[in-house]
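**Student:** Mind having a look at this structure? Questions to follow.
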Amino acid sequence: ILNVEKARFDKMLSSAEIAADKDRLRAAYALTISAMLWRALARLGSSVIKRSAWLAAAGALAFVVLYNLTNINITERLREIATIKVLGFRDQEVASYVYRENVFLTIVGSLVGLVLGFSLHLFVIRTMEIDTMMFGRNIHVLSFLYSMVLTMAFSVFVNLFMSKKLQNIDMAASLKSVE
Numbered sequence: 124i125l126n127v128e129k130a131r132f133d134k135m136l137s138s139a140e141i142a143a144d145k146d147r148l149r150a151a152y153a154l155t156i157s158a159m160l161w162r163a164l165a166r167l168g169s170s171v172i173k174r175s176a177w178l179a180a181a182g183a184l185a186f187v188v189l190y191n192l193t194n195i196n197i198t199e200r201l202r203e204i205a206t207i208k209v210l211g212f213r214d215q216e217v218a219s220y221v222y223r224e225n226v227f228l229t230i231v232g233s234l235v236g237l238v239l240g241f242s243l244h245l246f247v248i249r250t251m252e253i254d255t256m257m258f259g260r261n262i263h264v265l266s267f268l269y270s271m272v273l274t275m276a277f278s279v280f281v282n283l284f285m286s287k288k289l290q291n292i293d294m295a296a297s298l299k300s301v302e
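This is the structure:
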């Protein structure tokens, strides 16, 4: 706006020319602002995509680990589970027998993981810090809660996923097998 006023005195522009210059300046300003907003949105979008990708990868890893542990647990205890079924336990009782142990191990693993994760976080942050650059050392309590809830949700999901395997255990074949 100041340049337009200066141009008015230097060149003695008409008011129509000054109005046109002001409109061009407003348009340029609007374009600049909109370009800045688009860049900010692009950075935000890529950040959201990266975080979503990390969360998806972490969720897939949690599912695979819990699935493998549950699968190994069921496979190693096949004779025991078949014996319980032969004794007359219903499918829900057999499932709760196995799932109770899985949920307990998930809770214990989550608590140990929180303590070790917090310690590892402090170690990494202290190792990376230099005199001219400091990092935040605080982890919000809500983050701990989210991680435990998500781990428990994955554990429940894996338990539901493995229920079909528990129901399909062939009792006769399992009891005939030699250990």
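Under my numbering, the letters of the sequence shown match residues 124 to 302, in that order.
C-beta atoms are modelled at their ideal positions from N, C-alpha and C, and glycine is treated no differently.
Let me know the alpha helix (DSSP H) ranges lying completely inside the stretch 174 to 240, each 4 residues or longer, listed in chain order.
**Tutor:** As far as the stretch 174 to 240 is concerned, its whole alpha helix (DSSP H) runs of at least 4 residues are 201 to 209.
**Student:** For Thr193 and Leu201, what's the separation of their Cα atoms in angstroms?
**Tutor:** Cα-Cα distance, rounded: 12 Å.
**Student:** Bridge partners of Met256, per DSSP?
**Tutor:** Its beta-bridge partners are Ile253.
**Student:** On the three-state DSSP scale, how would you describe Asn282?
**Tutor:** In this structure, Asn282 counts as helix in the three-state DSSP scheme.
**Student:** Mind checking Phe227: buried by the 16 CB within 10 Å criterion, or exposed?
**Tutor:** Exposed is the call here.
**Student:** Hey, Leu245 and Arg260 are a contact pair by Cβ (cut 8 Å); roughly how many whole angstroms apart?
**Tutor:** That pair is a contact at about 7 Å.
**Student:** Between the beta-carbon of Met294 and the beta-carbon of Lys208, is there less than 8 Å?
**Tutor:** Yes, Cβ-Cβ distance for Met294 and Lys208 is below 8 Å.
**Student:** Does the pairing of the stretch 219 to 235 with the stretch 266 to 278 give three or more beta-carbon distances under 8 Å?
**Tutor:** A contact exists between the stretch 219 to 235 and the stretch 266 to 278.
**Student:** With the cut-off set at 8 Å, would you say Ala185 and Phe277 are in Cβ contact?
**Tutor:** In contact: Ala185 and Phe277 (Cβ atoms closer than 8 Å).
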